[in-house]
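A short write-up of the structure that comes next.
Take a look at the structure:
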């Protein structure tokens, strides 16, 4: 039996997540359900896209991922199911999948068309669960939808690069549980534009000239522990998803603060990278 994952903005207070699981178990008593997150900010498509992109590949091939964000159907917000990287995704066609599809081409996309058979005001439970269980039983996508070739894009998925390739302008797309600020600048993209040049990263009035590979790299372990003052220091890392992240070492909003609170950074704020080209030396 395939694993079915849930990523939603349902939170923990309401019955929505529990009811969705109950509906899956009603159809598939032996189902394996995994909660990726129910704490996505309400209707935050970029947050959901970032979470699912970094979580799905840890699951076995053939896993089915229900993404319940902004899923109410209307003429501008259809439902889709797609097969990508040997995984299945069920969501609204509202841009959630465009971050993943910008890197991996889907094997198949269908626009779900079983709504005339279902009366629903709760599409995640009534529609997405039906589709997920159909796929889990070995059903094909063509049975539950018509094939389409494109999905709706989302703004600010990719950073901007100027014509001179001297600057990247990115956006904050996620703030994690520690208050670390994640941008839409991926390491591979950064290095392709950088070409070994020195750089300066600017976020509001904060500037950084070094990117660490892990958080503890900021610590000089040759200095006695009692003389270190690293907690709360600002830094930039490529995080576990290989996104450029602005962080505080061992950040804690209750004590040393966080990158989000102390630097005043929030979703969609601009983060720029300026590459420094050394002037040519002219000889007489």
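Residue numbers (the working numbering): 5 to 288. All C-beta atoms, glycine included, are put in the ideal place defined by N, C-alpha and C.
Take residue i as the anchor and find which of the options has the nearest alpha-carbon.
i	options	result
residue 241	227, 146, 217 and 256	217
residue 180	161, 252 and 148	252
residue 41	33, 21 and 257	21
residue 258	197, 15, 236 and 14	236
residue 280	203, 89 and 196	203
residue 67	89, 34 and 255	89
residue 127	83, 106 and 215	83
residue 170	152, 194 and 186	194
residue 214	199, 239, 105 and 220	239
residue 118	221, 27, 135 and 61	135
residue 1	175, 159 and 104	Outside the modelled stretch of the chain, which goes from 5 to 288, sits residue 1, for which no answer is possible.
residue 107	65, 120, 54 and 121	54
residue 168	278, 19 and 50	278
residue 65	174, 91 and 220	91
residue 50	199, 220 and 175	175
Taking C-beta to C-beta, are residue i and residue j nearer than 7 angstroms?
i	j	result
residue 85	residue 56	no
residue 7	residue 63	yes
residue 71	residue 109	no
residue 189	residue 248	yes
residue 4	residue 5	Residue 4 is absent from the structure shown; the chain starts at 5 and stops at 288.
residue 38	residue 73	no
residue 94	residue 47	no
residue 100	residue 52	yes
residue 142	residue 265	no
residue 111	residue 87	yes
residue 81	residue 98	yes
residue 157	residue 102	yes
residue 96	residue 125	no
residue 69	residue 144	no
residue 197	residue 165	yes
residue 246	residue 201	no
residue 227	residue 234	no
residue 272	residue 210	no
Would DSSP call residue i helix, strand or coil?
i	result
residue 83	strand
residue 288	Residue placement at residue 288 cannot be trusted, given a pLDDT of 49 that sits under 50; the coordinates are not used to answer.
residue 254	coil
residue 14	coil
residue 138	helix
residue 245	coil
residue 222	helix
residue 91	strand
residue 107	coil
residue 213	coil
residue 9	strand
residue 259	coil
residue 268	coil
residue 23	helix
residue 102	helix
residue 126	coil
residue 147	helix
residue 227	coil
Between residue i and residue j, how many whole angstroms is the CB-CB distance? I'm expecting something under 8 angstroms.
i	j	result
residue 275	residue 205	7 angstroms
residue 172	residue 207	Not confirmed; about 13 angstroms, so no contact.
residue 137	residue 31	4 angstroms
residue 113	residue 139	At roughly 14 angstroms, the Cβ-Cβ gap does not stay under 8 angstroms, so residue 113 and residue 139 are not in contact.
residue 262	residue 255	4 angstroms
residue 185	residue 243	Actually they are not in contact, since the Cβ atoms of residue 185 and residue 243 sit about 10 angstroms apart, beyond 8 angstroms.
When you compare the CB of residue i with every CB in chain B, is at least one pair closer than 7 angstroms?
i	result
residue 237	No chain B appears in this structure, which consists of one protein chain only.
Given the structure, does residue i come close to the ligand PLP, in the sense that its CB is under 6 angstroms from one of the ligand's heavy atoms?
i	result
residue 90	Absence of the ligand PLP from the depicted structure is noted, as is the absence of any ligand whatsoever, leaving it without description.
Item to check | Contiguous alpha helix (DSSP H) assignments of at least 4 residues, all confined to the region 152 to 201 | outcome: 191 to 198
Item to check | alpha helix (DSSP H) runs wholly inside the region 26 to 89, at least 4 long, in chain order | outcome: Counting whole runs of 4 or more residues, the region 26 to 89 contains the alpha helix (DSSP H) stretches 49 to 59.
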